[in-house]
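Taking it in order: structure first as C-alpha cells, then the write-up.
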Amino acid sequence: MKNIGLILAVIITVGFVYVFGANNSTISVNFINHNFNIGLFIYALCAFLLGLFSGALLMLRGFFESSDNYRKLKRQYEKTSIGADDSGLRVKTLENKIKTLEEALKKALEK
5 MKNIGLILAV IITVGFVYVF GANNSTISVN FINHNFNIGL FIYALCAFLL GLFSGALLML
65 RGFFESSDNY RKLKRQYEKT SIGADDSGLR VKTLENKIKT LEEALKKALE K
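Quick note on numbering: the sequence shown equals residues 5 to 115 in my numbering.
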C-alpha cells in the first residue's frame, strides 16, 4: 500500500518524459526583455523540477515540526518515567520501614 505513491510517481515521470520528449516543438520565452527559444521539453522539465523542489521544501518544514514535537514528547515522557521510578522507590522504602516497625512491635510485645 505504501509503495503505490512511489509507483504512481515513477509512472507520471516516465509519461512526462515520453510526451514532452517526443515533441520537439520550441517556445519563445521572454525573460527580462530578452527572448529565448527553448524546447518545450526543457521548459516543462524545469517547471517539473522546480515543483519537486518546492514540494520537498514544504515537506522538510513539516518534518522539522514533527521532529520538534517528538523531542518534546520524549523529554516529557522521560520526566514522567523518572518520577514514576522515584515514586516506586519511595513506596518500596516505606514498605520496608513498615515491615521493620511491625517486627520491632512483635518483639516488644513478646517480652
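Think of the CB as a built atom: it goes at the ideal place given N, C-alpha and C, for glycine as much as any other residue. Nothing here was measured: the structure is a model prediction, and the numbers come from that model.
**OP:** Round the Cβ separation of residue 30 and residue 39 to the nearest angstrom and send it over; I've been treating them as touching at under 8 Å.
**Re:** With a Cβ gap of about 11 Å, residue 30 and residue 39 do not count as contacting.
**OP:** Inspect the CB distances between the region 44-53 and the region 6-24 and report whether three or more fall short of 8 Å.
**Re:** yes
Subject >> Candidates 100, 13, 113 and 95, of which the one nearest residue 52 by Cα >> reply: 13
Original post:
Per DSSP, residue 40 forms a beta bridge with which residues?
Top reply: 33
Subject >> Beta-carbon proximity list for residue 20, same chain, < 7 Å, skipping 5 on both sides >> reply: 52
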